[in-house]
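Here's the structure, in structure tokens; my notes come after.
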Ligand code: HEC
Ligand code: HEC
Ligand code: HEC
Ligand code: HEC
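In the numbering used here, the protein residues as written are 3 to 242.
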């Protein structure tokens, strides 16, 4: 009696199919095991490799980007001479503005009466520097990209007010508000059009009272916190 005869020919075909699939899976598993072990053995033989750090832009906070705009000039400012000849002070700074934050008037003659700004202002105001013609250091503009300069900055035509008015300016925020001697004073002003710190705080054209001793520290807002709101004295709550 033959054993095979107990199984139907159909069942035998199904069994063979399963066997082929099973063997197939085993072969795939075996090859992948060989591949993985081979790869890991090969990696062990490789020595340490010192890769250069990733290049490209380091991600930054867009609203604080202005702080770094003039950073490449920081060392030039740090090594710039003292401005003993014709120092700019906070008094002269405020004198040219209708109120703190207003565009200053142009205190000098115009080199080209017809120009609207751009190339006729930026040679002196983009990076600053001494101008023998005006016997002064040119203040650096915080906004060289706004090339239509005379849209906001007007030349002085007369020293007299042609009509009396009751305009009174506002008092600028006080400086030296540091919490303790030696700690960084807070930024007492808003940052609209004032993101570019080095333009006003560094170099010989910066008003002497606010000229920083450390333009090379680059990330100004790391240490100087913004405090442009009036603060009231803090009192201890003793009701509990
Ligand atoms: C030849 C160089 C030169 C050119 C060109 C020039 N400036 Fe000036 N500017 C100066 C100097 C120097 C001062 C500082 C004057 C002082 O302190 O007595 C100054 C001061 C200023 C100020 C006053 C800033 C402040 O807050 O004290 C403004 C505003 C100004 N210039 C705008 C302009 C505009 C706008 C143009 C183009 C139409 C222009 N300047 C072209 C050299 C120049
Ligand atoms: C949209 C108006 C506007 C335009 C355009 C403009 N400015 Fe100004 N500028 C201002 C205001 C406002 C201030 C005062 C900023 C402050 O004190 O916060 C100022 C300040 C300045 C200062 C004084 C910086 C300092 O150290 O005190 C200079 C210099 C100056 N601008 C030059 C220029 C030049 C040069 C151009 C053209 C390339 C120009 N501005 C275009 C509005 C403008
Ligand atoms: C347009 C010019 C201008 C720009 C740009 C500017 N500042 Fe000022 N800063 C001033 C003036 C003027 C004062 C004096 C108080 C006032 O009038 O607001 C001052 C005061 C300060 C003080 C207080 C100094 C003290 O001795 O107490 C700090 C700190 C300061 N600024 C930091 C910054 C930082 C950080 C930035 C950049 C995010 C910046 N400023 C951008 C003009 C400027
Ligand atoms: C590592 C922290 C730190 C950074 C970054 C820093 N500062 Fe200061 N800053 C201080 C301290 C602390 C003081 C007060 C003590 C002193 O006089 O040095 C000060 C003082 C100042 C003053 C008052 C005048 C002075 O020099 O004493 C100004 C203005 C100023 N910093 C502006 C800036 C600007 C603009 C930048 C960015 C280029 C900057 N700071 C970056 C810590 C810092």
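Even for Gly, the Cβ is constructed at its ideal location relative to N, Cα and C.
Determine the DSSP secondary structure at residue i, reduced to helix, strand or coil.
{"i": "residue 77", "result": "helix"}
{"i": "residue 193", "result": "coil"}
{"i": "residue 200", "result": "helix"}
{"i": "residue 212", "result": "helix"}
{"i": "residue 112", "result": "coil"}
How would you write the range of the beta strand (DSSP E) that residue i sits in, first residue to last?
{"i": "residue 158", "result": "Run containing residue 158: none; DSSP gives neither H nor E here."}
{"i": "residue 131", "result": "131-133"}
Who are residue i's beta bridge partners in DSSP?
{"i": "residue 140", "result": "131"}
{"i": "residue 124", "result": "DSSP lists no partner for residue 124."}
{"i": "residue 228", "result": "189"}
Mind checking which residues open and close the alpha helix (DSSP H) that includes residue i?
{"i": "residue 118", "result": "Segment: none, residue 118 is in no alpha helix (DSSP H) and carries neither H nor E."}
{"i": "residue 14", "result": "11-47"}
{"i": "residue 101", "result": "That residue, residue 101, is in no alpha helix (DSSP H); it is neither H nor E in DSSP."}
Tell me, please, whether the CB atom of residue i is closer than 8 Å to any CB atom in chain B?
{"i": "residue 70", "result": "Protein chain content of the structure displayed is limited to a single chain, and chain B is not contained in it."}
Looking at C-alpha atoms only, which residue of the options is the closest neighbour of residue i?
{"i": "residue 134", "options": "164, 105, 88 and 128", "result": "88"}
{"i": "residue 63", "options": "214, 39, 197 and 36", "result": "197"}
{"i": "residue 73", "options": "202, 238 and 230", "result": "202"}
{"i": "residue 94", "options": "138, 129, 36 and 185", "result": "138"}
If I measure Cβ to Cβ from residue i and keep anything under 6 Å in the same chain, skipping five residues before and after, which residues do I get?
{"i": "residue 106", "result": "98 and 99"}
{"i": "residue 228", "result": "189"}
{"i": "residue 120", "result": "149"}
{"i": "residue 210", "result": "89 and 91"}
{"i": "residue 127", "result": "140 and 143"}
{"i": "residue 158", "result": "107"}
{"i": "residue 118", "result": "150 and 152"}
{"i": "residue 136", "result": "110"}
{"i": "residue 180", "result": "187"}
Enumerate in chain order the residues of its own chain whose CB-to-CB distance from residue i is below 8 Å, with the five nearest sequence positions on each side excluded.
{"i": "residue 24", "result": "none"}
{"i": "residue 124", "result": "143, 146 and 149"}
{"i": "residue 224", "result": "none"}
{"i": "residue 3", "result": "With a pLDDT of only 48 at residue 3, under the threshold of 50, the placement of this residue in the model should not be trusted; the figure read from the coordinates follows. The answer is none, since no qualifying residue turns up."}
Near residue i, what residues of its chain come up, given a Cβ to Cβ distance below 7 Å and the 5 sequence neighbours on each side ignored?
{"i": "residue 96", "result": "102 and 174"}
{"i": "residue 218", "result": "76, 77 and 80"}
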